[in-house]
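In what follows, a structure is listed as structure tokens, so that the remarks can point back to it.
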Amino acid sequence: MLPKELPTPAALAFLGDAVHSHYVRETLVRRGISHSKDLNAAALRYVTAVAQERAYRAIAGDLSEEEADVYRRAFNSPHINRPKNISGETYRTATGFEAVLGLLDYLGEHDRLGDFLARSMIACESALQEG
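Residues in the sequence shown are numbered from -14 upward in steps of one, following the numbering used here.
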């Protein structure tokens, strides 16, 4: 059950973006990548809207009712300004994904958050290997 007063979907997506970016960056550093140019290039494989859409697909079937509601609210948010080089659907999906991550972080659900983050990395890595 969610608390009555949650941050807005946009605020949760903002938080989730930072949580996701931090996880990706820390994972890459722990893998031994040490040059900033290499770190930035590697991080872009995981933190773009296209990658986040892929990551969402990896966890979508396991969302709780509350998480799915936050995802839908963020996806349908009228305040999304997407870049011109990707579809609105992709950007909205990425925003919903970020909102779910932000929700879990906000609620202190760190085990579930860690599971979703790890699965998102695996999904992106699988897609990279496929080409």
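The beta-carbon is built from N, C-alpha and C at its ideal position, and this holds for glycine as well.
Please read all numbers here as calculations on a predicted model, not as lab measurements.
Leaving out the 5 sequence neighbours to the left and right, which residues in its chain are closer than 6 Å to residue i when beta-carbon positions are compared?
| i | result |
| --- | --- |
| residue 6 | 32 |
Leaving out the 5 sequence neighbours to the left and right, which residues in its chain are closer than 7 Å to residue i when beta-carbon positions are compared?
| i | result |
| --- | --- |
| residue 13 | 24, 27, 28 |
| residue 35 | 71, 75 |
| residue 8 | 102 |
| residue 55 | -6, -3, 84, 85, 88 |
| residue -8 | 91 |
Check this for me: beta carbons of residue i and residue j, under 8 Å apart or not?
| i | j | result |
| --- | --- | --- |
| residue 80 | residue 108 | no |
| residue 1 | residue 53 | no |
| residue 89 | residue 97 | yes |
| residue 37 | residue 82 | yes |
Using the C-alpha atoms, what's the distance from residue j back to residue i?
| i | j | result |
| --- | --- | --- |
| residue 111 | residue 41 | 14 Å |
| residue 101 | residue -10 | 24 Å |
| residue 3 | residue 47 | 22 Å |
| residue 87 | residue 15 | 23 Å |
| residue 61 | residue 44 | 19 Å |
| residue 130 | residue 11 | In the structure as shown, the chain begins at -14 and stops at 116. Residue 130 is therefore absent and cannot be evaluated. |
| residue 95 | residue 69 | 34 Å |
Grouping DSSP H, G and I as helix and E and B as strand, with all else coil, what is residue i?
| i | result |
| --- | --- |
| residue 95 | helix |
| residue 105 | helix |
| residue 11 | helix |
| residue 5 | helix |
| residue 118 | With the chain covering -14 to 116 only, the question about residue 118 has no answer from this structure. |
| residue 19 | coil |
| residue 33 | coil |
In chain order, what residues of the same chain lie with their CB nearer than 8 Å to the CB of residue i, ignoring the 5 residues before and after it?
| i | result |
| --- | --- |
| residue 114 | none |
_Residue ranges of each alpha helix (DSSP H) within the segment 36 to 73, 4 or longer_ = 50 to 60
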